[in-house]
Each structure stands twice: as structure tokens, then as C-alpha cells.
Amino acid sequence: MSFSEDNNIISLNFRYCNAENKNILFVIEISKDKKVSDLKKEVRKKLRIPDDEDHSIYI
Numbered sequence: 543m544s545f546s547e548d549n550n551i552i553s554l555n556f557r558y559c560n561a562e563n564k565n566i567l568f569v570i571e572i573s574k575d576k577k578v579s580d581l582k583k584e585v586r587k588k589l590r591i592p593d594d595e596d597h598s599i600y601i
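Structure (C-alpha cells):
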């Protein structure tokens, strides 16, 4: 996790293992003012998981 110059944005680095056992790395930058539920939405978008599918995301 890192902070931007204005200290309002947090950069989160994620890693997961896909179906082919390859490590997938991605970064999400989000405002400190956002809630965990907002972060989950961003992760779902990045992983292309529809909101109506029941894939658990633990943060």
C-alpha cells in the first residue's frame, strides 16, 4: 500500500492465482474517503466479476 503525493489516494496492490495457476497482479487506487464496500466494487470490476454473482471477496 502506498499513498499519493496529496495523501488522499491509497494505492493497493493485489495478487491472486487464476485458473491456469498464474499469478495475476493488479493495482487499485482509491480515495481514503471510500468505504470497504466501494473497494469491493473496484476489485469486482478489475476481476470482471458481475455484481450478481456470488464470489466472495474478503478484504
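Under the working numbering, the residues of the sequence shown are numbered 543 to 601, in order. We put the beta carbon where it would ideally sit given N, CA and C, even for glycine.
Enclosing alpha helix (DSSP H) for residue i [first to last residue]
| i | result |
| --- | --- |
| R494 | Residue 494 lies beyond the stretch modelled for the chain, which goes from 543 to 601, so this question has no answer here. |
Beta-carbon proximity of residue i to residue j, cut-off 7 Å
| i | j | result |
| --- | --- | --- |
| N550 | S579 | no |
| Y558 | I552 | no |
| K587 | F568 | no |
Euclidean distance between Cα positions of residue i and residue j
| i | j | result |
| --- | --- | --- |
| E562 | K576 | 33 Å |
| F556 | K583 | 14 Å |
Where residue i sits in the DSSP three-state scheme
| i | result |
| --- | --- |
| N560 | coil |
| N549 | coil |
CB contact check: residue i to chain B, cutoff 7 Å
| i | result |
| --- | --- |
| R557 | Structure shown: chain B not included; a single protein chain is present. |
Extent of the continuous beta strand (DSSP E) to which residue i belongs
| i | result |
| --- | --- |
| N565 | N565 to S573 |
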